[in-house]
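Chemist:
Number of protein chains: 2
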Amino acid sequence: MDRLPNSKHFDSTFKDLRELELFQAMSGENFERLMQGAYLQTFPPQVDLIAEGERSDFLHIVLAGSVELYAQWNNRETSMATVRPTSTFILAATVKDAPNLMSARTLEKSRIVLIPSPDIRAVFDLDCGFARAVVQELAQCYRSVIKNTKDLKFRTSIERLANYLLREQKRQNGQAQFTLPFDKKRLASLLAMRPENLSRAFRQLQDFGVQTQGARVEIQHQADLEALAKPSPLIDDPAS
Amino acid sequence: MDRLPNSKHFDSTFKDLRELELFQAMSGENFERLMQGAYLQTFPPQVDLIAEGERSDFLHIVLAGSVELYAQWNNRETSMATVRPTSTFILAATVKDAPNLMSARTLEKSRIVLIPSPDIRAVFDLDCGFARAVVQELAQCYRSVIKNTKDLKFRTSIERLANYLLREQKRQNGQAQFTLPFDKKRLASLLAMRPENLSRAFRQLQDFGVQTQGARVEIQHQADLEALAKPSPLIDDPAS
DNA sequence: CGCAGCCTTGACAAATGTCAACAAACGTGG
DNA sequence: CCACGTTTGTTGACATTTGTCAAGGCTGCG
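Each protein sequence line maps, in turn, to chains A and B. Under the working numbering, the first residue of the first sequence is numbered 69, with each subsequent residue one higher. Under the working numbering, the first residue of the second sequence is numbered 69, with each subsequent residue one higher.
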């Protein structure tokens with residue numbers, strides 16, 4: 069269990085957590101209880117946190133950094149999603165006490181809170197406010213995955229890339245220039261492409277006013293890119 | 069509102085509903101309240117129940133028959149899932165009071181209960197047992213969609229078909245012979261294929277001991293098909 | 001009947017995957 | 001700081017998969 073933390077002191081992160089939607093409606097008493105069993109730890113990049121198929125011993129909450137959810141089958145691996153502060157992962161597996169459907173690893177140095185799954189389930193049975201908050205969180209996750217499925221089934225790889233760029237641009241305050249948050253290799257996997265195809269797709273997007281060098285992206289002709297991407301709120305709006 | 073029902077009498081279906089996991093932990097009083105505003109109606113096949121982008125006025129529960137969830141983008145349509153008795157759809161949109169991400173239509177003659185979304189949200193705020201049950205239901209839905217995403221990203225169309233056949237065989241008691249529950253056109257859409265490709269895929273599967281005529285399927289060499297499909301519990305187990 | 005929709009088949013086009021080679025970027029240890 | 005090896009990214013050539021279009025057969029139904 070070397071991935072278990074040694075520091076149990078929370079200080080200010082305590083408050084950050086308390087302000088999470090997931091914990092806001094919860095009674096102070098129950099929050100205390102969760103925090104008592106919880107661990108806070110900082111992980112270096114590329115650390116495996118959980119593995120597909122394992123039971124989930126802890127609910128994970130990303131406070132800083134970022135975490136990749138990925139899956140494997142038949143000697144292949146695919147990136148499923150990126151988790152950023154401040155949100156949880158493997159919540160569904162935790163509340164169902166079922167095996168994880170995905171693995172998780174840190175992408176960058178990350179601060180992560182681990183709350184023992186039995187504690188979550190216990191408080192979940194006691195605290196209605198918490199139960200309701202879990203519903204909101206799960207509904208959000210569900211809808212995200214549905215949108216992702218529509219992206220996959222409707223769009224070609226170039227369209228997926230174009231829409232990804234538009235979403236990422238929006239997520240980073242909407243400037244014409246921004247930088248990709250991770251490797252192109254990982255991006256390719258996230259978009260269900262091979263790295264080779266991603267390269268070629270970026271090249272094709274030059275005709276639509278997208279310039280790249282390294283991780284730096286510039287959208288020079290917003291309208292052209294949007295005409296290609298045809299983004300839809302029912303697929304691309306993160307909020308929904 | 070011509071899709072609104074005229075019969076509000078429930079008789080025995082009342083009990084069926086009460087036995088649903090979603091309603092079991094709920095207080096009798098709150099269950100009554102939900103039922104008072106609820107409608108029960110039988111729809112013919114091919115009736116549109118809800119449309120993508122609309123607000124969800126009702127939580128829907130399929131008591132008999134079957135319902136297709138589908139989505140549209142850019143003049144294309146894709147089948148997302150099939151809902152069978154006894155379960156709900158658009159639960160996530162209902163609890164979030166958000167637009168539906170999918171449309172729904174009956175595949176066969178279907179008996180469906182409609183419960184006004186505001187009632188659901190009101191009782192959800194009152195009844196902890198219900199809130200917890202909603203969590204379980206949503207967690208289940210979430211995990212299903214994740215599995216579907218893995219199916220899409222990892223597998224070729226023939227592998228998807230092979231695994232679909234194995235799952236469908238299991239769902240219908242596991243005999244070597246069974247019948248497809250709907251058109252091949254719809255099946256193609258569900259599996260992210262064109263009808264033409266589905267035809268060809270079925271033909272290729274003959275080499276692996278799959279015989280078809282019309283909707284009738286016979287798996288003659290189970291082992292061969294499984295060797296091709298390489299099913300995984302983390303993708304193909306409906307329970308999980 | 002005869003029409004309409006579904007299914008199948010063939011020929012072809014487009015998209016995507018694979019393999020190989022090489023260049024660029026990165027990290028590590030000297 | 002450099003040299004080195006490893007990884008990532010790019011490019012080209014090619015194979016495979018998937019999509020598209022057109023035609024024809026089959027089936028169910030008025």
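Don't be surprised by glycine CBs; every beta carbon is placed ideally from N, CA and C. These numbers were taken from a predicted model, which means no experiment stands behind them.
What are the boundary residues of the alpha helix (DSSP H) that includes Met-261 (chain B)?
Modeler: That residue, Met-261 (chain B), is in no alpha helix (DSSP H); it is neither H nor E in DSSP.
Chemist: Please check the pair Phe-111 (chain B) and Ile-180 (chain B), which I expect to be a contact at CB under 8 Å, by giving their CB distance rounded to whole angstroms.
Modeler: 6 Å
Chemist: Please check if any C-beta of chain A sits within less than 9 Å of the C-beta of Tyr-107 (chain B).
Modeler: By this cut-off, Tyr-107 (chain B) is not an interface position.
Chemist: Does at least one heavy atom of the ligand PLP sit under 8 Å from the Cβ of Arg-284 (chain A)?
Modeler: In the structure on display, the ligand PLP does not appear, and there are no ligands present to speak of.
Chemist: As an exercise, report each continuous alpha helix (DSSP H) stretch of at least 4 residues that is fully enclosed by the region 130-190 of chain A, in chain order.
Modeler: 159-164
Chemist: Do Ala-172 (chain B) and Val-135 (chain B) count as a contact pair if the criterion is CB distance below 9 Å?
Modeler: yes
Chemist: With a threshold of 9 Å between beta-carbons, can Pro-167 (chain A) be considered close to chain B, or not?
Modeler: yes
Chemist: Since Cys-196 (chain B) and Ala-199 (chain A) are thought to touch, with beta carbons under 8 Å apart, how far apart are those beta carbons, to the nearest angstrom?
Modeler: 6 Å
Chemist: What is the residue span of the beta strand (DSSP E) that Phe-111 (chain B) lies within?
Modeler: 107-111
Chemist: Expressed to the nearest angstrom, what Euclidean distance is found between the alpha-carbon atoms of Arg-123 (chain B) and Pro-186 (chain A)?
Modeler: 36 Å
Chemist: Could you check the C-alpha separation between Met-170 (chain A) and Ser-147 (chain A) for me, to the nearest Å?
Modeler: 9 Å
Chemist: Find out if the Cβ-Cβ distance for the pair Leu-266 (chain A), Ala-256 (chain A) is shorter than 9 Å.
Modeler: yes
Chemist: Taking 8 Å as the cut-off, does the region 240-247 of chain B touch the region 280-297 of chain B (at least 3 CB pairs, one atom from each stretch)?
Modeler: yes
Chemist: Do you know offhand how far Val-278 (chain A)'s Cα is from Lys-221 (chain A)'s?
Modeler: Rounded to the nearest angstrom, the two C-alpha atoms are 24 Å apart.
Chemist: Between the Cα of Leu-152 (chain A) and those of A:Asn-142, A:Gln-274, A:Glu-87 and A:Lys-177, spot the shortest distance and give me the residue it belongs to.
Modeler: Contrary to the premise, residue 152 (chain A) reads as Arg rather than Leu in this sequence. That would be A:Lys-177, whose Cα lies nearest to the Cα of Arg-152 (chain A).
Chemist: Let me confirm a value: Ala-307 (chain B) is counted as buried when at least 16 other C-beta atoms fall within 10 Å, else exposed. Which label applies?
Modeler: The residue is exposed, with fewer than 16 neighbouring Cβ atoms inside 10 Å.
Chemist: Just how far apart, CA to CA, sit Phe-126 (chain B) and Ala-161 (chain B)?
Modeler: 10 Å
Chemist: Of all the residues that make up the region 213-245 of chain A, which are near chain B by a beta-carbon distance shorter than 7 Å?
Modeler: Val-213, Ile-214, Lys-215, Asn-216, Thr-217, Lys-218, Leu-220, Lys-221 and Phe-222
Chemist: Nearest to Leu-137 (chain B) by CA position, among A:Arg-262, A:Thr-217, A:Arg-235 and A:Ser-300, is which residue?
Modeler: A:Thr-217
Chemist: By the DSSP assignment, the alpha helix (DSSP H) with Phe-311 (chain A) in it spans what residues?
Modeler: No answer is possible for residue 311 (chain A): it lies beyond the span of chain A, which begins at 69 and ends at 308.
Chemist: Name the residues in the region 271-300 of chain B whose C-beta lies less than 9 Å from a C-beta of chain A; which are they?
Modeler: Lys-298 and Ser-300
Chemist: Helix, strand or coil for Glu-236 (chain B), going by three-state DSSP, please let me know.
Modeler: helix
Chemist: Got a sec, what are the start and stop residues for the alpha helix (DSSP H) Gln-290 (chain B) sits in?
Modeler: 290-297
Chemist: Report the partner residues of Arg-123 (chain B) according to the DSSP bridge assignment.
Modeler: Answer is B:Pro-167, bridged to Arg-123 (chain B).
Chemist: Using DSSP bridges, identify the partner residues of Gln-279 (chain B).
Modeler: B:Glu-286
Chemist: Does DSSP put Asp-251 (chain B) in a helix, a strand or coil?
Modeler: coil
Chemist: Between the alpha carbons of Arg-71 (chain B) and Pro-299 (chain A), how many angstroms are there, rounded?
Modeler: Note on Arg-71 (chain B): pLDDT 38, under 50, position unreliable in the model; no value is reported.
Chemist: Using CA coordinates, which residue listed in A:Gln-274, A:Leu-259 and A:Glu-286 is at the minimum distance from Ala-149 (chain A)?
Modeler: Of the listed residues, the one whose Cα sits closest to Ala-149 (chain A) is A:Leu-259.
Chemist: What does Asn-142 (chain A) touch in chain B if you count any residue whose Cβ is under 7 Å from its own?
Modeler: Phe-222 and Lys-298, listed in chain order.
Chemist: With DSSP as the reference, label Asp-84 (chain A) as helix, strand or coil.
Modeler: helix
Chemist: Have a look at B:Asp-275, B:His-128 and B:Gln-274 and flag the residue whose alpha-carbon is nearest the alpha-carbon of Pro-184 (chain B).
Modeler: B:His-128
Chemist: In chain B, which residues lie less than 7 Å from Ala-207 (chain A) when you measure between Cβ atoms?
Modeler: Ala-160, Val-163, Lys-164 and Leu-206
Chemist: Give me whichever residues DSSP pairs with Gln-245 (chain A) in a beta bridge.
Modeler: DSSP output for Gln-245 (chain A) lists A:Glu-286 as bridge partner(s).
Chemist: What span of residues does the alpha helix (DSSP H) with Asp-305 (chain B) cover, start to end?
Modeler: In this chain, Asp-305 (chain B) is not harboured by any alpha helix (DSSP H), its DSSP state being neither H nor E.
Chemist: In the region 102-130 of chain B, which residues sit with their C-beta less than 8 Å from some C-beta in chain A, listed in chain order?
Modeler: Glu-120 and Gly-121
Chemist: Measure from the C-beta of Phe-250 (chain A) to each C-beta in chain B and report whether the shortest distance is under 9 Å.
Modeler: no
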